[in-house]
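*Asks:* Residue numbers (my numbering): 9 to 79. Idealized CB from N, CA, C, for every residue including glycine. Owing to the predicted nature of the structure, the values given are computational and were not obtained by experimental measurement.
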Amino acid sequence: MVELVNDYLEGGLAAGERARFEAHLSVCDPCTTYLAQVRETIRLAGRLTEESVPPEVRDELLRAFRSWKDA
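1. Below 7 Å CB to CB, which residues in the same chain sit around ALA31 once its five sequence neighbours on both sides are set aside?
2. When you compare the segment 32 to 40 with the segment 57 to 68, are there three or more beta-carbon pairs, one atom per stretch, that lie closer than 8 Å?
3. Do LEU17 and LEU43 count as a contact pair if the criterion is CB distance below 9 Å?
4. Near ASP15, what residues of its chain come up, given a Cβ to Cβ distance below 7 Å and the 5 sequence neighbours on each side ignored?
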């Protein structure tokens with residue numbers, strides 16, 4: 009699902025695949041919610057600057073991302 013949403017948001021789906029995904033979204037609240045969360049995360053992340061994230065928070069986020077990636 010993560011890759012599908014990423015491809016959808018980046019315009020990487022073929023027309024038929026995009027249409028099927030959008031049809032699915034029209035009937036699946038959890039996927040629609042997930043898509044909205046990803047969009048909001050992207051929007052908020054785009055507003056961050058290196059200076060706006062304290063070093064200890066940055067380090068904790070990096071640890072969390074690395075743990076998630078390795079899981």
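*Replies:* If we stick to the structure as given:
1. none
2. no
3. yes
4. LEU21
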